[in-house]
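S.K.: Quick one: the structure is below, questions incoming.
There are 2 protein chains.
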Amino acid sequence: MTEKSPSLREQQKAATRNELIRMGLLLFFENGFANTTVDQIVEPLGIAKRTFFRYFKAKEDLVFDFYEDKTPTLVRELKNRPKDESPYEAVCKALSTQLDLYDVNPDWAWSLVCLLNENPELMGKGFEKRLTREQALAAALIEREGKNKITPLKARIIVGTALIAWQAALDEWYEGGGKSKLRPIVKKAFSIAGQ
Amino acid sequence: MTEKSPSLREQQKAATRNELIRMGLLLFFENGFANTTVDQIVEPLGIAKRTFFRYFKAKEDLVFDFYEDKTPTLVRELKNRPKDESPYEAVCKALSTQLDLYDVNPDWAWSLVCLLNENPELMGKGFEKRLTREQALAAALIEREGKNKITPLKARIIVGTALIAWQAALDEWYEGGGKSKLRPIVKKAFSIAGQ
DNA sequence: GACAATGTGTCACCTGGTGACATATTTAGC
DNA sequence: GCTAAATATGTCACCAGGTGACACATTGTC
């Protein structure tokens, strides 16, 4: 397919963005979210505070960059699911794709989960992002099933249920101190939520 | 039963709290949440900004006072449900109690729903509060069913599913401009979510 | 190489939120 | 009813997140 050649500007912007995220998460993990100021993130990188807020609308958004990033992938995944899967099944299977990311660098994932669970403010923002994902997935589901085969209400509930199961699984994982494997917990949660 | 005689102090505090909430919501409805400063709320009442933040940890909390307020009631309601109802049914029935509030002063309810839907920041905080409610209800459900009859994971998922249905119903209501009746939408949503 | 477009830094400023301390008010003991 | 402890409020100084405006620098285009 058409390989995009990212212009120099794009490359530099992506690099700066990554630097900010790396440094930000590093400091958040080390000192906590509330105890880390934007200035502390920005200063060692030689970047202006103002610039930070051109990349991220809010301090919290830095944490959820990866999350928002993956919603389009998830939507595509859902649309590509075999037609014979039930709506709920398809959504669950699509979501399960994300588990690979947890497998690849589990300690990073764990740190992130801890960060969220220990900072209610972040949780709030996280839910906000989840809402966007929920809506995107619901729209995709409607498209997949056909507009007159599933109501918006039903689509939202199916997607919402799957996401709740996911969330519950993550919490269970967190409660257990991350000792257990996430994948089977998620599987079980999906199964329970599916009745 | 024992009628509590609220001390003078308690009365005054309650009065101040109500004043703040009334004025706050009034201004939020009129000018929007972001466009209303705490000073604007506080000034016409002759109250210091500092005092505002003694009543509410954050500006957003003023909006959710009513919400947090009713969680204990909800928990009690759930515990009092007849034993022959299924867990999910019991949670739904308990939640449905809240519908009376929407019937009593529908325009106030409508304004509030609009406020939430039009301010993502508020949504975020709202989800945060919902999490607390979710946990409280899950705990109550476990207590109701017996600790060895239902796992925490399952309890959370059941409660979460019901709350998702509720949320989806509210959204549907909002999308429809509030023309339709909320109660039947919620009923339908509960039914769909129950499979 | 010149000009437009876009990104970055600097600065001033607003607003949410908090700690510290003084002052006023309620409560409780007598 | 007076006094002393307890608690609520006001004032003030200050921090940190976030934004608008403007100048400067860098990249893209012809």
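Chains as they are written, first to last, in this note's numbering: chain D, 1 to 195; chain B, 1 to 195.
Every residue, glycine too, gets a C-beta built ideally from N, C-alpha and C.
1. Does the Cβ-Cβ distance between A162/B and F190/B come in under 8 Å?
2. Let me see if you follow: with CB-CB separation under 8 Å, is F64/D close to chain B or not?
3. Quick check: L131/D and L122/D, are their CB atoms within less than 8 Å of each other?
4. How far does the alpha helix (DSSP H) with R54/B in it reach, from first residue to last?
5. Using C-beta distances below 6 Å, list every residue in its chain close to A140/D, excluding the 5 sequence neighbours before and after it, in chain order.
6. Would the beta-carbon of F52/B fall within 8 Å of that of L26/B?
7. Could you list which residues in chain B have their beta carbon closer than 7 Å to that of L131/D, in chain order?
8. Where does S180/B fall in DSSP's three states?
9. From what residue to what residue does the alpha helix (DSSP H) around I164/B run?
10. In the DSSP assignment, the alpha helix (DSSP H) including L101/D goes from what residue to what residue?
11. Okay, do the stretch 96-107 of chain D and the stretch 37-51 of chain D touch, 3+ Cβ pairs below 8 Å being the bar?
12. Alpha carbon to alpha carbon, what distance is there between L45/D and P120/D?
13. Taking K181/D as the query, report the chain B residues whose CB atoms sit under 7 Å from its CB, ordered along the chain.
14. Counting Cβ pairs, one atom from each stretch, are 3 or more of them under 8 Å apart for the stretch 150-169 of chain B and the stretch 146-161 of chain D?
15. For chain D, is any of its Cβ atoms less than 8 Å away from the one on M1/B?
16. Three Cβ pairs or more, each shorter than 8 Å: is that satisfied between the stretch 87-101 of chain D and the stretch 179-189 of chain D?
17. Might you give, ordered along the chain, the residues of its own chain that have their beta carbon closer than 7 Å to the beta carbon of I142/B, omitting 5 neighbours on each side?
18. Which residue from F64/B, N35/B, A34/B, G32/B puts its Cα closest to that of N18/B?
19. At the level of alpha carbons, what is the spacing between K179/D and A58/D?
20. For T2/B, count the other beta carbons within 10 Å of its own beta carbon; 16 or more makes it buried, fewer makes it exposed. Which is it?
21. Please report how far the alpha carbon of A91/D lies from the alpha carbon of L112/B, in whole angstroms.
22. Do E134/D and P87/D have their C-beta atoms closer together than 8 Å?
23. Under a CB-based cut-off of 8 Å, is D171/B close to chain D?
24. Relative to the alpha-carbon of Q12/B, which residue among Y55/B, L95/B, E68/B has its alpha-carbon at the smallest distance?
25. With a cut-off of 8 Å, does the C-beta of F127/B fall near any C-beta of chain D?
26. Note down, in chain order, each residue of its chain lying with its Cβ closer than 8 Å to the Cβ of F28/B, except the 5 sequence neighbours on either side.
27. Near G176/B, which residues of its chain fall below 6 Å by C-beta distance, leaving aside the five closest residues on each side in sequence?
28. Tell me the residue span of the alpha helix (DSSP H) that contains S86/D.
29. Step through the CB atoms of chain B and report whether any lies within less than 8 Å of the CB of L153/D.
30. When the distance is taken between beta carbons, is A136/D closer than 8 Å to T71/D?
31. Could you tell me the boundaries of the alpha helix (DSSP H) in which T71/D lies?
32. Where does the unbroken alpha helix (DSSP H) through E43/D begin, and where does it stop?
M.R.: If we stick to the structure as given:
1. Residue numbering aside, residue 162/B sits at position 162 when the second sequence is read from its first letter. Residue numbering aside, residue 190/B sits at position 190 when the second sequence is read from its first letter. Cβ atoms of A162/B and F190/B: closer than 8 Å.
2. Residue 64/D sits at position 64 when you count from the first residue of the first sequence. So no, F64/D is outside the interface.
3. Start at 1 with the first residue of the first sequence, and residue 131/D comes out as number 131. Start at 1 with the first residue of the first sequence, and residue 122/D comes out as number 122. Not in contact: L131/D and L122/D (Cβ atoms no closer than 8 Å).
4. Within the second sequence, numbered from 1, the residue matching residue 54/B stands at position 54. Here the alpha helix (DSSP H) through R54/B covers 49-55.
5. Reading the first sequence from its first residue, position 140 is the one you call residue 140/D. Once the five neighbours on either side are set aside, the close Cβ partners of A140/D are V75, L78, K79.
6. Within the second sequence, residue 52/B is the residue found at index 52, counting from 1. Within the second sequence, residue 26/B is the residue found at index 26, counting from 1. Cβ atoms of F52/B and L26/B: not closer than 8 Å.
7. By 1-based counting over the first sequence, the position of residue 131/D is 131. Correct list: M123.
8. Numbered from its first residue, the second sequence carries residue 180/B at position 180. Note: S180/B maps to coil in three-state DSSP.
9. For this step, residue 164/B is matched to residue 164 along the second sequence. Here the alpha helix (DSSP H) through I164/B covers 152-175.
10. Walking along the first sequence from the start, residue 101/D turns up at place 101. From DSSP, the alpha helix (DSSP H) with L101/D extends over 99-104.
11. no
12. In the first sequence, residue 120/D corresponds to position 120, counting from 1. In the first sequence, residue 45/D corresponds to position 45, counting from 1. Each residue's alpha carbon lies about 28 Å from the other.
13. Here residue 181/D corresponds to residue number 181 of the first sequence, with the count starting at 1. Those within 7 Å of K181/D in chain B number zero; the least Cβ separation is about 15 Å.
14. yes
15. In the second sequence, residue 1/B corresponds to position 1, counting from 1. Note that M1/B scores 44 on pLDDT, short of 50, meaning its location in the model is unreliable; the coordinates nonetheless yield the value given after this. The C-beta of M1/B comes no closer than 8 Å to any C-beta of chain D.
16. yes
17. Here residue 142/B corresponds to residue number 142 of the second sequence, with the count starting at 1. Once the five neighbours on either side are set aside, the close Cβ partners of I142/B are I150, P152, A155.
18. Numbered from its first residue, the second sequence carries residue 18/B at position 18. Looking at the Cα atoms, F64/B is the closest of the given residues.
19. On the first sequence, position 179 is the one that residue 179/D refers to. On the first sequence, position 58 is the one that residue 58/D refers to. Whole-angstrom Cα-Cα distance: 33 Å.
20. One-based indexing of the second sequence puts residue 2/B at position 2. Annotation note: pLDDT 41 at T2/B (below 50); position unreliable, coordinate value reported separately. Answer is exposed; the Cβ neighbour count stays below 16.
21. Residue numbering aside, residue 91/D sits at position 91 when the first sequence is read from its first letter. Residue numbering aside, residue 112/B sits at position 112 when the second sequence is read from its first letter. Residue identity check: residue 91/D is Val in the sequence provided, not Ala. Rounded to the nearest angstrom, the two C-alpha atoms are 32 Å apart.
22. In the first sequence, the residue the question calls residue 134/D occupies position 134. In the first sequence, the residue the question calls residue 87/D occupies position 87. In this structure, P87/D does not lie closer than 8 Å to E134/D by Cβ.
23. Residue 171/B sits at position 171 when you count from the first residue of the second sequence. Judged by the 8 Å Cβ criterion, D171/B is in contact with chain D.
24. Indexing the second sequence from 1 puts residue 12/B at position 12. Taking only the C-alpha atoms, the option nearest Q12/B is Y55/B.
25. As a working note, residue 127/B is residue 127 in the second sequence. Closer than 8 Å to some Cβ of chain D, the Cβ of F127/B qualifies, so yes.
26. Translated into positions along the second sequence, residue 28/B becomes position 28. T36, V63, L115.
27. Within the second sequence, numbered from 1, the residue matching residue 176/B stands at position 176. Same-chain partners within the cutoff: there are none.
28. The residue you call residue 86/D lines up with position 86 of the first sequence. Element bounds for S86/D: n/a, residue is neither H nor E.
29. The residue given as residue 153/D occupies position 153 in the first sequence. With 8 Å as the cut-off, L153/D counts as an interface residue toward chain B.
30. As a working mapping, residue 71/D is identified with position 71 in the first sequence. As a working mapping, residue 136/D is identified with position 136 in the first sequence. Cβ distance < 8 Å, so T71/D and A136/D count as in contact.
31. Within the first sequence, numbered from 1, the residue matching residue 71/D stands at position 71. Per DSSP, T71/D belongs to the alpha helix (DSSP H) from 61-79.
32. What you label residue 43/D is simply residue 43 of the first sequence in a count that begins at 1. Premise fails: E43/D is in no alpha helix (DSSP H) and is neither H nor E.
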